[in-house]
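Student: First the structure, which I've put down as structure tokens, then a few questions once you've had a look.
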Amino acid sequence: MTTTSLSLTELLTALGSPERVTALKGIRRGIERECLRITPEGALSQTDHPRSLGSALTHANITTDYSESLLEFITPATDSIESLIEQLGDIHRHTIHHLGDERIWPLSMPCFIGDEESIRLAQYGSSNIGRMKTLYRQGLKNRYGSLMQVIAGVHFNFSMPDSFWCEWQDLVGEGCCSQRFISDKYMGLIRNVYRFGWLVPYLFGASPAICDSFLKGRKSNLPFQKTGKGTLYLPYATALRLSDLGYTSSSQSMLNISHDNLPAYVASLRRAISTHDPEFAKIGVKVNGEYRQLNDNVLQLENELYAPIRPKRTPRSGEKPSDALEQRGIEYIELRTVDVNPFTPFGIDVDQIRFFDLFLVWCLLRPSPVLTDEEIARNRRNQNKVVLEGRRPGLELEDEQGNPIGLREYGLQLFDELDQVADLLDRCCGRNRYRETLAMHREKLLNPELTYSARLLKQLLESGQDNGCFGDELASRYREEMLSGELQYWDQAYFAGEARESLAKQRERERGDSLSFDEFLADYFGTRQTTS
Numbered sequence: 000m001t002t003t004s005l006s007l008t009e010l011l012t013a014l015g016s017p018e019r020v021t022a023l024k025g026i027r028r029g030i031e032r033e034c035l036r037i038t039p040e041g042a043l044s045q046t047d048h049p050r051s052l053g054s055a056l057t058h059a060n061i062t063t064d065y066s067e068s069l070l071e072f073i074t075p076a077t078d079s080i081e082s083l084i085e086q087l088g089d090i091h092r093h094t095i096h097h098l099g100d101e102r103i104w105p106l107s108m109p110c111f112i113g114d115e116e117s118i119r120l121a122q123y124g125s126s127n128i129g130r131m132k133t134l135y136r137q138g139l140k141n142r143y144g145s146l147m148q149v150i151a152g153v154h155f156n157f158s159m160p161d162s163f164w165c166e167w168q169d170l171v172g173e174g175c176c177s178q179r180f181i182s183d184k185y186m187g188l189i190r191n192v193y194r195f196g197w198l199v200p201y202l203f204g205a206s207p208a209i210c211d212s213f214l215k216g217r218k219s220n221l222p223f224q225k226t227g228k229g230t231l232y233l234p235y236a237t238a239l240r241l242s243d244l245g246y247t248s249s250s251q252s253m254l255n256i257s258h259d260n261l262p263a264y265v266a267s268l269r270r271a272i273s274t275h276d277p278e279f280a281k282i283g284v285k286v287n288g289e290y291r292q293l294n295d296n297v298l299q300l301e302n303e304l305y306a307p308i309r310p311k312r313t314p315r316s317g318e319k320p321s322d323a324l325e326q327r328g329i330e331y332i333e334l335r336t337v338d339v340n341p342f343t344p345f346g347i348d349v350d351q352i353r354f355f356d357l358f359l360v361w362c363l364l365r366p367s368p369v370l371t372d373e374e375i376a377r378n379r380r381n382q383n384k385v386v387l388e389g390r391r392p393g394l395e396l397e398d399e400q401g402n403p404i405g406l407r408e409y410g411l412q413l414f415d416e417l418d419q420v421a422d423l424l425d426r427c428c429g430r431n432r433y434r435e436t437l438a439m440h441r442e443k444l445l446n447p448e449l450t451y452s453a454r455l456l457k458q459l460l461e462s463g464q465d466n467g468c469f470g471d472e473l474a475s476r477y478r479e480e481m482l483s484g485e486l487q488y489w490d491q492a493y494f495a496g497e498a499r500e501s502l503a504k505q506r507e508r509e510r511g512d513s514l515s516f517d518e519f520l521a522d523y524f525g526t527r528q529t530t531s
């Protein structure tokens, strides 16, 4: 039996047999949730990352992203959805106790920002690796501006258990535990997310409106309408975070990162990291003794690739992500198109997680041929339509053959396939929770007013509120809830110990540097000249 001989239905039937179905137990998930620290007045915090939380460089669960005020909460990978939410909640509760009167901004698009210079770069201490992390952010600022970098999202990390891979490989005669097979199938998952990923912003997009300060006088071709004193919105938008206003780069649009297979992906990523960019060269790398960016290539580092989904492998100390992927294959995938859910204090809820399980398992098991250039362009058009006008009545997308099809009709077709996956996962878990989750989200296709974006926009328009006021009210309410809530998974001793140990690790790194910063960067990028 070969892989190509199995349809989705046949594969689901085979995996759902009594002797195989339990192999799906143990799906592992992790969450990375970004959020801005804000003042009681709703402005961006200007304070340092609280030292009482530990070191942003080395803490396992609490760090910063682009800005000193942009927190990032990281859960460990776990096979329990309930434990995952408890861990994420505990990180929030612990953090809020160390923020004084500051709050956590509950939306993806940022709060009012009066001056771009008020967005302080994240600081990681005086070690070479800490300085490199800040310099990378300096480069992002010089390349794209700071506003783009304070947009927040939720990254969903996902992997299948070893038992599942063994059963699938046994079914198709591939032996057992072949990392090449696993990486090939994860790359297929990624290609299908590009095909059908528009479902994510439609269902869970929560950024139909922005504060007009985000444009900073820049012209936009989007037909914005206005509500409140300074909120701009598109009436049918779902996720402006994913539009050209958000994570975009004209240089990256020409990268042609390949998703045909893992070696092709790594090769194209490395090509981007080593490709000189004339526009970025105008910024300069080191000018008058001060660095402005890590280099003048299209990507300074792998992380600068603004992809909706990434293949990942945890790197070892000092190892580049691309080297880790090349040497040991794909360990998990990172879905990056999830807006912060403003209707929960933690930015994501259990039903979303279950849907992502369903969606990603479906993308993994569904046939996934190599993407053609025509298909890549079609997928981009579908995504852009949904992001900007996904709830517009009668909106048409393009199906896999390029034919026009109504979004609702297309979505319902895909949900019929997802229903088969829900049945498989429920048989594995012994409950009906996946089918219940799928039924809940199917209603959003039938009634767009149930989507997060519609609910948020309705509240703004009916109240005449700015999104700033809406965000402030939620932030204050969630702060009170978290301050009064009890830790559920960890205890205070865990967080106190992690803070203490992370600060010690940072000091150790700072004391252990033996190279100058110039030498460190040259070593990292392989450009250091040695003498015999």
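Residue numbers for the sequence shown follow numbering that gives the first Met the number 0, beginning at 0 and rising by one.
The beta carbon of each residue, even a glycine, is placed where N, CA and C say it ideally should be.
A quick note: this is a predicted structure, and the numbers were derived from the prediction, not measured.
Mind checking whether Ile272 and Leu298 have CB atoms under 8 Å apart?
Tutor: Cβ distance < 8 Å, so Ile272 and Leu298 count as in contact.
Student: Could you work out which residue in Gly429, Ala503, Cys362 and Asn431 is closest to Pro198 when comparing CA atoms only?
Tutor: Contrary to the premise, residue 198 reads as Leu rather than Pro in this sequence. If we check each option's Cα against that of Leu198, Cys362 comes out closest.
Student: Pull up the DSSP beta-bridge partners for His275, would you.
Tutor: The partner list for His275 (beta bridge, DSSP) reads Asn296.
Student: Considering just the uninterrupted stretch of the beta strand (DSSP E) at Lys225, what are its terminal residues?
Tutor: Gln224 to Thr226 is the span of the beta strand (DSSP E), which, as asked, contains Lys225.
Student: Using CA atoms only, rank isn't needed, just tell me which of Gln292, Pro262 and Thr21 is closest to Asp425.
Tutor: With distances taken between Cα atoms, Asp425 lies closest to Thr21.
Student: Among all the DSSP beta bridges, which residues are the ones paired with Phe155?
Tutor: Phe155 pairs with Ile30 and Leu334.
Student: Is Ala492 buried or exposed, if buried means 16 or more other CB atoms sit within 10 Å of its CB?
Tutor: Exposed is the call here.
Student: So, are the CB atoms of Thr230 and Asn466 less than 8 Å apart?
Tutor: Contact: yes.
Student: How long is the line joining the alpha carbons of Asn141 and Arg291, rounded to whole angstroms?
Tutor: Taking the straight line joining both Cα atoms gives about 7 Å.
Student: In the structure shown, what three-state DSSP assignment does Lys311 receive?
Tutor: Lys311 falls in the strand class under three-state DSSP.
Student: Out of Phe358, Ala205, Ser513 and Arg92, state which residue places its alpha-carbon closest to the alpha-carbon of Phe494.
Tutor: Nearest option by C-alpha distance: Arg92.
Student: How would you call Asp161, buried or exposed, if buried means at least 16 neighbouring beta carbons within 10 angstroms?
Tutor: Flag for Asp161 reads exposed.
Student: Restricting to Cα atoms, I'd like to know which of Leu406, Asn383, Ile103 and Leu188 is closest to Leu394.
Tutor: If we check each option's Cα against that of Leu394, Leu406 comes out closest.
Student: At which residues does the beta strand (DSSP E) containing Gly124 begin and terminate?
Tutor: Where Gly124 is concerned, there is no enclosing beta strand (DSSP E), given that its DSSP letter is neither H nor E.
Student: Kindly confirm or deny that the stretch 202-218 and the stretch 418-436 touch, where touching means at least three C-beta pairs closer than 8 Å.
Tutor: In short, these stretches do not touch, since the Cβ pair count stays below three.
Student: Using only alpha-carbon positions, find the residue among Asp522, Phe345 and Thr38 that is nearest to Gly317.
Tutor: Among Asp522, Phe345 and Thr38, the Cα nearest to that of Gly317 belongs to Asp522.
Student: Taking just the CA atoms, how far does Thr57 sit from Gln505?
Tutor: So the two alpha carbons sit approximately 6 Å from each other.
Student: Beta-carbon within less than 7 Å of Phe223's beta-carbon, same chain only, minus the 5 sequence neighbours each way: which residues are those?
Tutor: So the list reads Leu231, Tyr232 and Leu233, once near-sequence residues are dropped.
Student: Using a 10 Å radius around the Cβ and a threshold of 16 neighbouring Cβ atoms, would you call Lys443 buried or exposed?
Tutor: Answer is buried; the Cβ neighbour count reaches 16.
Student: Near Tyr409, what residues of its chain come up, given a Cβ to Cβ distance below 8 Å and the 5 sequence neighbours on each side ignored?
Tutor: If we look at Tyr409 and ignore the five residues flanking it on each side, its Cβ neighbours are Leu396 and Asp398.
Student: Is the separation between the beta-carbon of Phe345 and that of Leu87 shorter than 8 Å?
Tutor: Taking 8 Å as the Cβ cut-off, Phe345 and Leu87 qualify as a contacting pair.
Student: Report yes if the C-beta distance between Leu5 and Ile118 is below 8 Å; otherwise report no.
Tutor: In this structure, Ile118 does not lie closer than 8 Å to Leu5 by Cβ.
Student: Compute the distance between the beta-carbons of Val339 and Leu106, then report whether it is under 8 Å.
Tutor: Taking 8 Å as the Cβ cut-off, Val339 and Leu106 qualify as a contacting pair.
Student: Which first and last residues belong to the alpha helix (DSSP H) in which Ile375 is found?
Tutor: Looking at the DSSP string, the run of the alpha helix (DSSP H) that includes Ile375 is Asp372 to Glu388.
Student: To the nearest angstrom, how far is the alpha carbon of Thr1 from that of Arg28?
Tutor: Unreliable positioning characterises Thr1 in this predicted model, as indicated by a pLDDT of 42, which lies under 50. The coordinate reading is nonetheless provided below. Between Thr1 and Arg28, the C-alpha separation is close to 29 Å.
Student: Examine the Cβ distances between the stretch 189-196 and the stretch 300-318 and report whether three or more of them are shorter than 8 Å.
Tutor: Flag = yes, the stretch 189-196 and the stretch 300-318 touch.
Student: Using three-state DSSP, classify Cys468 as helix, strand or coil.
Tutor: In this structure, Cys468 counts as helix in the three-state DSSP scheme.
Student: Would you list the residues sitting across from Leu43 in a DSSP beta bridge?
Tutor: In DSSP, Leu43 forms a bridge with Ile37.
Student: Can you tell which of Ala503, Pro403 and Gln137 has its C-alpha closest to the C-alpha of Asn378?
Tutor: Residue Pro403 is the option with its Cα nearest to Asn378.
Student: On the DSSP bridge assignment, give the partners of Asn340 in chain order.
Tutor: Paired residue(s): Gly346.
Student: What does the alpha-carbon distance come out to for the pair Gly470 and Val149?
Tutor: If I take the Cα positions, the gap works out to 15 Å.
Student: Taking Ala421 as part of the beta strand (DSSP E), name the residues at either end of that continuous run.
Tutor: Segment Leu406 to Cys428 is the alpha helix (DSSP H) holding Ala421; no beta strand (DSSP E) there.
Student: Measure the alpha-carbon distance for Glu518 versus Glu461 and round it to whole angstroms.
Tutor: C-alpha separation (whole angstroms): 59 Å.
Student: Determine the closest residue to Lys228 out of Phe111, Pro49, Glu479 and Leu241, with distance taken between C-alpha atoms.
Tutor: Residue Phe111 is the option with its Cα nearest to Lys228.
Student: Taking all protein chains shown into account, do 16 or more other C-beta atoms lie within 10 angstroms of the C-beta of Thr530, making it buried, or fewer, making it exposed?
Tutor: Bear in mind that a pLDDT of 41 at Thr530, under 50, signals an unreliable position, so the number given afterwards is only what the model happens to contain. Classification for Thr530: exposed.
Student: Between which residues of its own chain and Asp100 is the CB-CB distance below 7 Å, once the five residues before and five after are set aside?
Tutor: Closer than 7 Å at Cβ, skipping near neighbours: Pro39.
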